[in-house]
Each structure stands twice: as C-alpha cells, then as structure tokens.
Amino acid sequence: MNIVFIGAGYVGGPTITVMASKCPEIQFTCVDINQDRINAWNSKELPIYEPGLDDLVKKNRNKNLFFSTNVEEAVKNGDIIFVSVNTPTKTFGKGAGYAANLEYWEKTARMILDVSTSNKIIVEKSTLPVKTADAMARILNSDKAKYHFDILSNPEFLAEGTAINDLLHPDRVLIGSFENENGIKARQKLVELYQNWVPKEKILTTNIWSSELSKLTANAFLAQRISSINAISALCEETDANIEEVSKAIGMDTRIGNKFLKASVGFGGSCFKKDILNLAYLSRHYGLTEVADYWESVVNINEYQKERLVDRMLNNMFRTLSGKKICILGFAFKANTSDTRESPAISITKKLLEERAEISISDPKAIENAKKDLADLEGKISFTEDPYEASKGAHSLLILTEWDIYKDLDYQKIYDHMEKPAFLFDGRSIIDRQKCYDIGFNVFTIGTSSLKHFD
Ligand code: NAD
Ligand code: UGA
C-alpha cells in the first residue's frame, strides 16, 4: 500500500513520520510544493523543531518514508491520500478575517481528480469548516471523474512541542465518514491503519460532519479554558487572590479537571484563533448570532490579556517606556517549538515598539522565525540566543515563553548588569517570585499582586 501526505508542515511531517515508524510494510511519501521545506526534510536540519522528531525521521527516511516535491506522481501512485495543507483565515472578500481560506484545499482536490488513474481514499487531515467534505465530494465525484473517491475526515489533535508523543499515544483518533457502504468500508481501512499502534477503544468513528465539527469544537473548548482562567487572573491582580491557588482549587474538582488552567500572557499558535473565528463565522452563517458572539469573546479576552500586560508595564515603569530597553525572554508561542505563528510575543513587541521601547529578543529555537515576523517593523530590535547577553543594560525582563532554561537562569547575575530599578514581568509564571524580589527586582507575574520595592 502507498500512503501520501500532501503538505509537509507541522502536521504532515510529524504525522507521516510516526505512521511510517509504526507501519514498516507500507510506503509513505510526504509531498509539498515548497522546495525549501522538502530539501530541509531531506537534510540534517529539519524544517521544524519538535522533540523526538529528528531521531524518528533519521530511522525511517529513504526506507519507507520519502519527502518529495513530485506531488502529482506521488498522488497518482497513492492509495490513501491525507491532505494536510494549510487552511489559514481568509484575508480577502466575503468572510475576511473569519472564514477559512479553502483555496489550497480546493486546488488540491482538483489536482487529485486530474492526475488519478485509480480509486482512492482522500482524508481530510487539515482542520476544515463543517460541511467541507460535501464540497470535496462534489468536486472529486463530479461527472469528470473516471475513478471513485471516498472522503474521510480524520482531524489531527497533536500539540506542538509534544507532537511525537501525542501521535504515538493519542487520547483518541477520530475518523468520520459518509454513512453509506463505500464510506464505512473506507473508514474501516483507516481504522486498520491506526490499529497498528493505537488501541482499538481509542479509535472513534462518527459521521463525517460530527468529525469535522469536533475538531473545531475541541480547539474552541481548549482556548476557552485559557481565556476563562486569564479573565480570572485579571481579577486576582486586583484582589490579592493568587491565580495559581485558584487554578489548583478549581482543578481538583474532577468535573473541571486540572489541565489547561495555566494563566498566561495569552494563547498563541496557528490554530486556536483561526479555528474559533471560523466557528464564529459558521455560526453566523447559520443565523446563530449569540453562538458566534459567545465564541468570539474567547478571542477578545485573549487580545485583552496581551494588552493588559503592556499596560501593566507602562503603569509600573513610571508611565513611559520610551528609550528603555526591554529584554524579551522567549519568542515561540509555547515552549519546545520553534513556531512563532500568532505568538503573543509578536503583538506585544509591536505594542512596545509603539511606546518607543528598545527591544532585545532571546529564544533558544525561534530567533530565525522572530526575525522574519518582525522584519517590517521600525524601531530598535536586536536578537541573541544568549539570555545573559540579551539582558545587559535592560530596564526590564519580560518572559513570554515558558522555556525550562528561563526557570533556572542566574537572576542575580542578570540583575547585576541591568539598569535600576530593575523590573521583571513574567508572562508565564515560571520564576521564583520571592527569590527574584529578594535579589532586588520589582516582580510582576500574571494573576498575582505585584512585589515592588516602591509604592
Ligand atoms: P503548515 O503551514 O506548517 O503546513 C502546510 C504545508 O502545506 C506547507 O508546507 C505548504 O507549502 C503545503 N501546501 C499548501 N498547498 C499545497 C499544495 N497545493 N500541494 C502541496 N503542498 C501544499 O500548516 P500546519 O501547521 O501543518 O497545519 C496544516 C493543517 O493542520 C491546518 O489546517 C491546521 O489547522 C491543522 N492542524 C495544525 C496543527 C498544528 O499543531 N500546527 C495541529 C492540528 C491541526
Ligand atoms: C493546540 C491543541 O492543544 C491541539 O490539540 C490541536 O491539535 C492544535 O492546537 C491545532 O489544532 O493546531 P498547540 O496550539 O500546538 O495545540 O499548543 P497548545 O499546547 O494547545 O498551546 C496553545 C497556546 O495556549 C500556547 O500559546 C500555550 O502557551 C497556551 N496555553 C496552553 C496557556 O496559556 N495555558 C494553558 O494552560 C495551556
């Protein structure tokens, strides 16, 4: 059997690699139109950083795992085609700023139709609006079609930074199909593929619309928890309650659960915002205004949380940041990834530059992406991997990614070479507040009252 992934990104690359490692008798080919990305997948420096990925790629590459730009050839020979191309928010025309831009998906479907010389199973791996499979079925099984295409929905739930573990040990694998004879047969084939490493009871089959909608819903629920705890963090800062204690207290209720309750500078990543806005757009499309407003408020709180942090800096640093050096520790949208898409660090850097602050950025893996993200901005920005170098002469530290290395920095050494009074804003609540205060820092963490050496 030949399995093909179209789209060698954060989802396609790791997912095909794990599948290839678990199914040695199947040939896997990952294709992309981006030559640089494919070159990188075939080199020592993979295009994405993900713990455990390098080893797994090295073990399987050029055995039963291939990376190529020869999209049409691979598709022609494929039996099952997973489509994991990007589905960003539309930036033009109707639904701009909300709806998913499905042009990459549709182009892919038409290409599959044009080059195929056999029946195939087409799997939606990308996150798509509910009812996309309907459009796909119409294109693929149009009058022009000489072969039969079964469409399945198999959304991916991996999180970056833990992708390999998530793929090896998923909470569940969701497979949706049209509930006719062909659809159920195709779905069974995919179930058998996953059974090579996923326990049967974790493979959930549903109708195709439930599967499409469950993916958007899962992301919306996860993001909603973060906005909920972040909303409470604002109240904590006003009332001397402590968000860590509140999180723990509510998380011990088994009905609430203790995961995804970490207050932060706000969620980032390429998907939460995009998927919620898409859910809101879909709801509006069906006339469900209240439902749309409800979900959109999750994104609004997230924007508010980022603004709140910059306001807190301004208010405490004597109402001006102009000419002051702010050292940002962490630019990735979360730890253990080089990905900076929708990272809170991007909009916060922009806001700080508007205040005419001087920015020094440090990150162990994301410096190259940070440079690209900020390329068009005017102002003083410098980049260095070394946090000690980055913080020399700074007025304030600003932790935006929860990298482990930032937990154990020599904060005394850093304090000694900073301007005084020295400020420390921890957007991830990873530092020892009291210890840093005792060193001399004025300390501000999310959801706790500030520790200041002055009134
Ligand atoms: P990505 O941008 O990293 O990768 C997508 C790849 O598809 C790119 O390399 C692009 O060049 C390629 N591509 C686009 N059009 C193509 C075409 N016509 N032919 C061949 N290749 C083409 O995106 P991603 O982060 O991997 O996300 C892909 C999808 O998976 C999105 O729908 C996203 O919402 C979803 N998703 C992402 C994550 C995540 O953690 N990043 C997790 C779950 C689901
Ligand atoms: C998220 C989901 O967790 C995945 O299940 C989903 O497949 C993926 O989106 C997707 O569809 O793209 P990801 O964005 O990679 O995964 O990472 P998360 O761990 O969910 O973190 C997202 C953001 O929320 C990060 O900025 C993180 O720092 C933040 N976060 C997370 C918090 O602020 N607090 C928390 O308690 C948890």
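Start counting the sequence shown at 4; every next residue gets the next number (my numbering).
Beta carbons are placed, not taken as given, at the ideal position from N, Cα and C, and that holds for glycine.
This structure is a prediction, so every number in the text was calculated from the model and none was measured.
- DSSP places E53 in no alpha helix (DSSP H); its state is neither H nor E.
- The beta carbons of H398 and F426 sit closer together than 8 Å.
- A direct Cα-Cα distance of roughly 9 Å separates N67 from C26.
- Following the DSSP letters along the chain, one finds T448 inside the beta strand (DSSP E) bounded by residues 445-448.
- Scanning its chain for C-beta atoms nearer than 7 Å, with the 5 sequence neighbours on each side dropped, one finds around N45 the residues F70, in chain order.
- Only residues of its own chain outside the window of five on either side were considered, and among them I402, E405, Y409, K410 have a CB closer than 8 Å to the CB of I433, listed in chain order.
- Around the beta carbon of P54, a 10 Å sphere encloses fewer than 16 other beta carbons of the protein chains shown; the residue is thus reported as exposed.
- V126 is positioned such that its CB atom lies closer than 8 Å to that of L155.
- Cβ-Cβ separation between I178 and I124: approximately 11 Å, too far for a contact (criterion under 8 Å).
- Residue environment: R175 is assigned as exposed (fewer than 16 neighbouring CB atoms within 10 Å of its CB, all protein chains considered).
- Close CB contacts of A23 within its chain, under the 7 Å cut and outside five residues either way in sequence, are with F31, N63, N67, L68 (chain order).
- Spanning the alpha carbons of K79 and S121 requires a straight line of approximately 8 Å.
- Apart from sequence neighbours up to five positions away, the residues of its chain that approach W200 with a beta-carbon distance below 6 Å are K25, ordered along the chain.
- Residue state for I206 is assigned as strand, using DSSP reduced to three classes.
- Around the C-beta of M320, 16 or more other C-beta atoms lie within 10 Å, and the residue is accordingly described as buried.
- Separation of I370 and C33 (C-alpha to C-alpha, rounded to the nearest whole angstrom) is 27 Å.
- According to DSSP, R64 shares a beta bridge with L68.
- Residue pairing from DSSP places S385 in a beta bridge opposite S363.
- Burial state of Y101 is buried, judged by a 10 Å Cβ sphere holding 16 or more other Cβ atoms.
- Three or more Cβ pairs closer than 8 Å define a contact, and the segment 333-345 falls short of that threshold against the segment 306-321.
- Looking from the CA of D342, the closest CA among L116, M4, G164, Q415 belongs to G164.
- Partner residues in the beta bridge of V7, as assigned by DSSP, are T32, I84.
- Residues S286 of the same chain have their beta carbon placed closer than 7 Å to that of V294, with the five preceding and five following residues left out of the count.
- Not one heavy atom of ligand 1 falls within 7 Å of the beta-carbon of C33.
- If you look at C330, you'll find it isn't in any alpha helix (DSSP H); it sits in the beta strand (DSSP E) that goes 328-332.
- Distance from the CA atom of I115 to the CA atom of N5, rounded to whole angstroms, is 15 Å.
- With 16 or more other CB atoms across the displayed protein chains lying within 10 angstroms of its CB, R344 is buried.
- For K277 and T340, the gap between their C-alpha atoms comes out near 19 Å.
- By a beta-carbon distance limit of 8 Å, L219 contacts T130. Their separation comes to about 7 Å.
- If the five residues before and after K383 are omitted, its C-beta is found closer than 6 Å to the C-beta atoms of E361, all from its own chain and listed in chain order.
- Judged by their CB atoms, L312 and I351 are nearer to each other than the 8 Å cut-off.
- Per DSSP, the beta-bridge partners of F428 are L401, F447.
- Contact check for L380 against K354 fails: the beta carbons are separated by 8 Å or more.
- Taking a cut-off of 8 Å for Cβ pairs, the segment 105-113 and the segment 292-310 do not touch, as fewer than three such pairs fall below it.
- Measuring C-alpha to C-alpha distances from K395 to each of E358, M421, F85, D413 identifies M421 as the nearest.
- The beta carbon of W212 sits closer than 8 Å to the beta carbons of V133, K134, A136, G179 from its chain, once the five residues preceding and following it are set aside; these are given in chain order.
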